[in-house]
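Residues in the sequence shown are numbered from 199 upward in steps of one, following our numbering.
Where a beta carbon is used, it is the ideal one built from N, C-alpha and C, also for glycine.
As structure tokens, the structure follows; a few thoughts come after it.
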Amino acid sequence: MYITKHSNITDRTVLDSFWQLYEVSYLPIAASDPSRELLFRSEFDAVLADPTNRITVLRDENRPIAMSVAATDIGATRYLSRAFFEQAYPERMAAGLVHYVMWIVVHPDHQGSEALFHLARAGLAQEQKEGALVVFDVPESNQATQRGGAAELIMRLARLCGPVNLESFGVTRYYALDFAPPGNKAVPAAVDGGRVAR
Numbered sequence: 199m200y201i202t203k204h205s206n207i208t209d210r211t212v213l214d215s216f217w218q219l220y221e222v223s224y225l226p227i228a229a230s231d232p233s234r235e236l237l238f239r240s241e242f243d244a245v246l247a248d249p250t251n252r253i254t255v256l257r258d259e260n261r262p263i264a265m266s267v268a269a270t271d272i273g274a275t276r277y278l279s280r281a282f283f284e285q286a287y288p289e290r291m292a293a294g295l296v297h298y299v300m301w302i303v304v305h306p307d308h309q310g311s312e313a314l315f316h317l318a319r320a321g322l323a324q325e326q327k328e329g330a331l332v333v334f335d336v337p338e339s340n341q342a343t344q345r346g347g348a349a350e351l352i353m354r355l356a357r358l359c360g361p362v363n364l365e366s367f368g369v370t371r372y373y374a375l376d377f378a379p380p381g382n383k384a385v386p387a388a389v390d391g392g393r394v395a396r
């Protein structure tokens, strides 16, 4: 296994091989959370073509088996509030040291192996050297409570690079207003004059 680092990827063959890894890694969890975790292909290609993003790939022979992408310009992403981080970390933002891990994927055949260990160590080493604030989010399917879960695993992996603290910024919860009558979760037919038209 070996690591390659990239930015500004536009070669279609490379994009296709990375997309295959990304898609096969995310599809099993696509139905686990209400938010759309899997990017559209056009979004994926745009992220990899952005020269401000750091792409770290773990390969087995020449096949990509794990990949992480970190945005070094959080204002270029639609996921984080620049205003929040400018207020909370003004010096770090001014220095360009607030980065965002957009995703970490490991091929299903290599989950539970040393792949994540190697990827995290390689991907976080530069962040640690720069003294960056590395922001990431985790869907509830991988982080059921504030403690433990994927956040703690990522923190443990980050400790391989040096001392680190884990901070929590909050949780997004999803709610729905369900107007279906109790016991009938099917969508009702059209209502006509207060009676349900069937």
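### Message
Strictly by DSSP, which residues pair up with H204?
### Response
The count along the sequence shown starts at 1 and reaches residue 204 at position 6. Looking at the DSSP assignment, H204 forms a beta bridge with I253.
### Query
Between A229, T270 and I263, which lies nearest to D248 when the distance is taken from Cα to Cα?
The residue given as residue 248 occupies position 50 in the sequence shown. Answer by Cα proximity: T270.
### N- and C-terminal bounds of the alpha helix (DSSP H) containing Y224
Here residue 224 refers to the residue found at position 26 when the sequence shown is read from its first residue. From DSSP, the alpha helix (DSSP H) with Y224 extends over R210 to Y224.
### Query
Shortest alpha-carbon distance to A244 belongs to which of T275, S215 and E235?
Within the sequence shown, residue 244 is the residue found at index 46, counting from 1. Considering only alpha carbons, the answer is T275.
### Query
Nearest-angstrom Cα distance between V299 and L314?
As a first step, residue 299 must be located in the sequence shown, where it is residue number 101. As a first step, residue 314 must be located in the sequence shown, where it is residue number 116. Approximately 14 Å, taken between the alpha carbons.
### Message
Assuming contact is defined by CB atoms lying nearer than 9 Å, are L351 and F283 in contact in what I supplied?
### Response
Start at 1 with the first residue of the sequence shown, and residue 351 comes out as number 153. Start at 1 with the first residue of the sequence shown, and residue 283 comes out as number 85. No, Cβ-Cβ distance for L351 and F283 is not below 9 Å.
### Message
Nearest by alpha-carbon distance to R357: which of E325, N260 and A293 is it?
### Response
Locating residue 357 in the sequence shown gives position 159, where the first residue counts as 1. For R357, the nearest C-alpha among the options comes from E325.
### Completely contained alpha helix (DSSP H) runs for the segment 230-295, where each covers 4 or more residues
239-247, 280-286 and 288-292
### Message
By the three-class DSSP mapping on this structure, what secondary structure does H305 have?
### Response
Translated into positions along the sequence shown, residue 305 becomes position 107. In the structure shown, H305 sits in coil (DSSP, three-state: anything other than H, G, I, E or B).
### Task
Just tell me which of L355, C359, E289 and H305 has its CA closest to the CA of Q218.
Counted from its first residue, the sequence shown places residue 218 at position 20. Closest option to Q218, Cα to Cα, is H305.
#### Entry: Assigned secondary structure, F334 (DSSP; H/G/I helix, E/B strand, else coil)
Position 136 of the sequence shown, counted from the start, is the residue given in the question as residue 334. Note: F334 maps to strand in three-state DSSP.
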